[in-house]
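Reading the sequence shown from the start, the letters are residues 32 to 148 in our numbering.
Note that beta-carbon positions come from the ideal geometry of N, C-alpha and C, so glycine has one too.
Keep in mind it's a predicted model, so treat the numbers as computed, not measured.
All remarks here apply to the structure that follows.
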Amino acid sequence: MEILLAIIIGTLYASGIYMILRRSLVKLIIGIILLGNGANLLIFLLGRIAKGSPPIIPGDSKVFLDAYSDPLPQALILTAIVISFGLQSFAIVLVKRAHKVVKTDDLDEMNATDEYS
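So this is what it looks like as structure tokens:
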């Protein structure tokens, strides 16, 4: 299972970087989304995939009795999802506004309009 996730993470990173290097702002946003999803899967994979009970200690004992799943990677992934959603929302609004003003989403054409202003 870890090998499959590692291949998926590599594919997400490669396609995300490829999309970021394109000259379109829409493809840039898609690349950022792919990189964010790859990073979330990487954090999930580093937390080790283990089947276990939730990390709740029974009232009559002081330590865990069985194997338990680590809650820290899950909390980090949830935080990363919220942050990436905010970043994506801001980027989409920014691209929409830039397209409205400049009438293009090509970065080369945007740089050309900046020189003549």
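*Assign Asn71 to one of two classes, buried (16 or more other C-beta atoms within 10 Å of its C-beta) or exposed (fewer than that).*
The count along the sequence shown starts at 1 and reaches residue 71 at position 40. So Asn71 counts as buried.
_In this structure, how does DSSP classify Asp139 when only helix, strand and coil are distinguished?_
For this step, residue 139 is matched to residue 108 along the sequence shown. The answer is helix: DSSP assigns Asp139 an H, G or I state.
*For Ser115, which beta-bridge partners are listed by DSSP?*
Translated into the one-based positions of the sequence shown, residue 115 becomes position 84. According to DSSP, which records beta bridges pairwise, Ser115 is partnered with nothing at all.
*asked:* What would DSSP say about Ser46, mapped onto helix, strand or coil?
replied: Taking the first residue of the sequence shown as 1, we reach residue 46 at position 15. Residue state, collapsed to three classes: helix.
*Can you tell me whether Gly67 is buried or exposed, with buried defined as 16 or more other CB within 10 angstroms of its CB?*
Indexing the sequence shown from 1 puts residue 67 at position 36. With 16 or more other Cβ atoms within 10 Å, it is buried.
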